[in-house]
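Numbering follows UniProt numbering, with no gaps: position 37 of the sequence shown is 37. For glycine and all other residues, C-beta sits at the position ideal for the given N, C-alpha and C. For reference, the structure discussed in these notes is given below.
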Amino acid sequence: MLLNGTGEVIDDYEYPATTEELIAEHGERTLELPNGTETVEEVLERLESETFESSEDARFAVYSAVSNKAVGRVGYSDRDPTPPGSPYSPDAVSF
């Protein structure tokens, strides 16, 4: 997901760093997602301001704040049946 060298620049940044510092330095970088793109700024602005102690913390923040553009098919699971009452369950069929 962190294409165009974004993951590397996050890793190479000096920590601790604040959300605002990362946005100022790397906010224009594009994240390529399965269903579109977002900038680092768009993603980090969804979060409250915080101080990241490491690049791992910053990466996890980015991963946790991407929109549903990062999800394949919303509501899809190939593992479990759709739970009753889910808005994604198919219409009931009566025999």
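- Identify the continuous beta strand (DSSP E) that holds L44 and give its terminal residues. Looking up residue 44 in the sequence shown gives position 44. It is not in any beta strand (DSSP E) - L44 instead sits in the alpha helix (DSSP H) that spans V40 to L44.
- Can you check whether the CB of S49 is closer than 7 Å to the CB of T19? Mapped onto the sequence shown, residue 19 falls at position 19. Mapped onto the sequence shown, residue 49 falls at position 49. Result yes, Cβ atoms of T19 and S49 sit closer than 7 Å.
- Quick one: using the 10 Å Cβ neighbour count with 16 as the cut-off for buried, is T37 buried or exposed? As a working note, residue 37 is residue 37 in the sequence shown. Exposed, because fewer than 16 other Cβ atoms sit within 10 Å of the Cβ of T37.
- Is the beta carbon of A17 less than 7 Å from the beta carbon of F52? The sequence position of residue 17 within the sequence shown is 17, counting from 1. The sequence position of residue 52 within the sequence shown is 52, counting from 1. A17 is a Cβ neighbour of F52, given a cutoff of 7 Å.
- Message: Please tell me whether, using a cut-off of 6 Å, the distance from the CB of N68 to the nearest non-hydrogen atom of the ligand FAD is below it.
- Response: As presented, the structure is devoid of all ligands, the ligand FAD included, so that no description of it is given.
- Message: Rounded to the nearest angstrom, what separates L44 and F95 at their Cα positions?
- Response: Your numbering for residue 44 matches position 44 in the sequence shown. Your numbering for residue 95 matches position 95 in the sequence shown. Approximately 50 Å, taken between the alpha carbons.
- Can you name the start and end residues of the alpha helix (DSSP H) that L47 belongs to? Position 47 of the sequence shown, counted from the first residue, corresponds to residue 47. First-last for L47: undefined, no H or E at that position.
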